[in-house]
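According to our numbering, the sequence shown is numbered sequentially starting from 205.
A virtual CB, placed ideally from N, CA and C, is assigned to each residue, including glycine.
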Amino acid sequence: MGGVHTSEFRVMNISVHQNDVYGRKAAEKFEELQYDLVLRRYPHFYIVNFMLPMVAVTMLTIATMWMNGPKAGPGVRMNSGTRLVLCVVQIMNITAGWRPASNSDIWLDRFQSHCFTLSMGSVMQSLVMDYLQEGKVFAVPVAKRWGITNYLVDTLTRTTICFPGIYCFLSDMFEL
């Protein structure tokens with residue numbers, strides 16, 4: 205076992221079984237050797253090529269929710285976030301051929317889905333906030349009487365997106 209090395213897998217165990225097999229149609233008996241391999245994939249490749257780019261672009265997309273100020277007029281946050289969502293989709297397309305084939309979802313599929321969902325959530329938050337600000341919703345007397353301000357709604361929607369995002373990233377990291 206010490207002589208088997210690969211850059212992608214760690215060989216955990218190799219076992220060999222010998223079985224006697226009887227072929228009915230040929231009416232003969234022969235020996236069969238069965239090799240059982242237990243491999244563990246090294247996570248380095250996936251961390252460097254999948255997770256780090258996705259986390260970086262997703263964090264940049266989430267950071268667009270904090271783009272404010274006089275120069276960041278309506279639509280700037282959404283425009284920047286939309287471009288970054290397209291980057292997330294492109295990363296998913298580029299890395300699709302590198303993922304292992306599987307008949308079910310693996311942790312990497314869930315991770316990419318979480319990144320895409322968080323990115324879309326931040327873009328939608330920017331869209332809603334731009335709509336509410338341009339529609340002068342916060343200037344309505346009812347909103348003023350209840351103390352509903354642009355800052356309050358913006359902070360609550362950011363928090364609603366960021367806390368589940370942190371939970372998803374941590375659960376995905378621990379699954380690795």
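Around the beta carbon of T268, 16 or more other beta carbons lie within 10 angstroms, which makes this residue buried.
For R214, DSSP records a beta bridge to R244. Rounded to whole angstroms, I298 and I365 show a C-alpha spacing of 26 Å.
Between the beta-carbon of V242 and that of F234 there is about 27 Å, and that puts the pair past the 8 Å contact cut. Fewer than three beta-carbon pairs drawn from the segment 213 to 228 and the segment 248 to 260 are found closer than 8 Å, and the two stretches are therefore not classed as touching.
Excluding residues up to 5 positions away in sequence, W311, R314, F315 and H318 lie with their Cβ nearer than 7 Å to the Cβ of D376 in the same chain.
Taking 9 Å as the cut-off, the Cβ atoms of Y239 and S211 do not count as close. Counting the other CB atoms within 10 Å of its CB gives G339 a total below 16, which places it among the exposed residues. In the three-state reduction of the DSSP assignment, L237 falls in the strand class. Excluding residues up to 5 positions away in sequence, N223 and V225 lie with their Cβ nearer than 6 Å to the Cβ of E236 in the same chain.
G227 sits in a strand when the DSSP states are folded into three classes. Setting aside the 5 residues that flank it on each side, S330 is surrounded in the same chain by T268, M269, R281, M282 and G285, each with a C-beta closer than 7 Å to its C-beta; the list follows chain order.
By the Cβ neighbour-count rule, S306 is exposed, with fewer than 16 other Cβ atoms within 10 Å of its own. Check the Cα spacing between T353 and each of V341, T363 and R362: the tightest is with V341.
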